[in-house]
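Undergrad: After the structure tokens below, expect a handful of questions from me.
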Amino acid sequence: MADDCFGHPRLAAIYDPLDPDRSDLDAYLRIAEEFEAHRVLDIGCGTGVFALLLADRGVDVVGIDPAQASIDVARAKPGSERVRWICGDATALPPVQVDLATMTANVAQAIVDPGAWQATLRGACEALRPGGHLVFETRDPARRAWEEWTRENSHRVTEIPGVGSVESWVQLIEVSRPLVTFRWTFVFAADGQVLTSDSTLRFRGREEMETDLVAHGYVVQDVRDAPDRPGDEFVFLARRP
0 MADDCFGHPR
10 LAAIYDPLDP
20 DRSDLDAYLR
30 IAEEFEAHRV
40 LDIGCGTGVF
50 ALLLADRGVD
60 VVGIDPAQAS
70 IDVARAKPGS
80 ERVRWICGDA
90 TALPPVQVDL
100 ATMTANVAQA
110 IVDPGAWQAT
120 LRGACEALRP
130 GGHLVFETRD
140 PARRAWEEWT
150 RENSHRVTEI
160 PGVGSVESWV
170 QLIEVSRPLV
180 TFRWTFVFAA
190 DGQVLTSDST
200 LRFRGREEME
210 TDLVAHGYVV
220 QDVRDAPDRP
230 GDEFVFLARR
240 P
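In my numbering, the protein residues as written are 0 to 240.
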């Protein structure tokens, strides 16, 4: 079930304006070029930013996400007809064969249930052609990123065309490792509506992640640093033999 920040129509509509800097996706674009990927499965595509960047480069893209509201935002964007959008998850994909499967940003960590995570790895593997790659990132638990998830560090007011001022901040709710739960609050100045979205992320260590990948038939080809968060994240590149 999608968090409200992705699944609530009013929140999905402001997701991009609240997080306009997607330079974190540059590394994934370079990886797609590195592997000469012509067909890509974007797991947890959200509002379609990465899928559309790929489509702009002539890549055949399937974007899948469990949040219908986010898929609706993606479909409304210019060029969206070049992407195949699916509301769902990687555990029940239609028949596809891709060169590259990706889970950008928090997608891998947002799959907190161990069974769902194992099923996602299986689904991605089945979607990859032999020799294809799965690429995703996860925060290093040792860096304890959640300690910075406070109202003081995150509070801001954003002017959004057609919406007005939106006040937002995040607060840590619970740390029960490997699970960390936090709440985003959004206040719409136009009508005073207050919406909240609770999210839980699972912090898996590098060794655990590599073990999971190998258990599902992947070859761990590389573990890289995330250029946008140096020293804070692992970027896993796994190959289907």
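Backbone N, C-alpha and C fix where the C-beta goes; we use that ideal spot for every residue, glycine too. Since this is a predicted model, take the numbers as computed values, not measurements.
1) Check whether the stretch 87-94 and the stretch 114-125 touch, using three or more Cβ-Cβ pairs below 8 angstroms as the test.
2) Tell me whether A100 sits in a helix, a strand or coil according to DSSP, three-state version.
3) Going straight from the alpha carbon of R247 to that of R138, what length do you get?
4) When you compare the CB positions of L17 and L52, do they come within less than 8 angstroms of one another, or not?
5) For D227, which residues in the same chain have their Cβ closer than 7 angstroms to its Cβ, ignoring the five residues on either side in sequence?
6) Compare the beta carbon distance of C315 and R239 with 8 angstroms and say whether it is the shorter of the two.
7) What do you get for R203, buried or exposed, if any count of 16 or more other CB atoms within 10 angstroms of its CB means buried?
8) Just verifying my parser: in three-state terms, what is the DSSP assignment at I172?
9) In angstroms with no decimal places, state the Cα-to-Cα distance between R176 and T157.
10) Taking F235 and V218 to be in contact with their CB atoms under 8 angstroms, please state how far apart those CB atoms are, rounded to whole angstroms.
TA: A quick look at the data gives this:
1) yes
2) Looking at A100 - three-state DSSP - the assignment turns out to be strand.
3) Residue 247 falls outside the range modelled here, since the chain spans only 0 to 240, and no answer is possible.
4) no
5) S22, D23
6) Coverage of the chain is limited to positions 0 through 240, which leaves residue 315 absent and any answer about it impossible.
7) buried
8) In this structure, I172 counts as strand in the three-state DSSP scheme.
9) 32 angstroms
10) At roughly 11 angstroms, the Cβ-Cβ gap does not stay under 8 angstroms, so F235 and V218 are not in contact.
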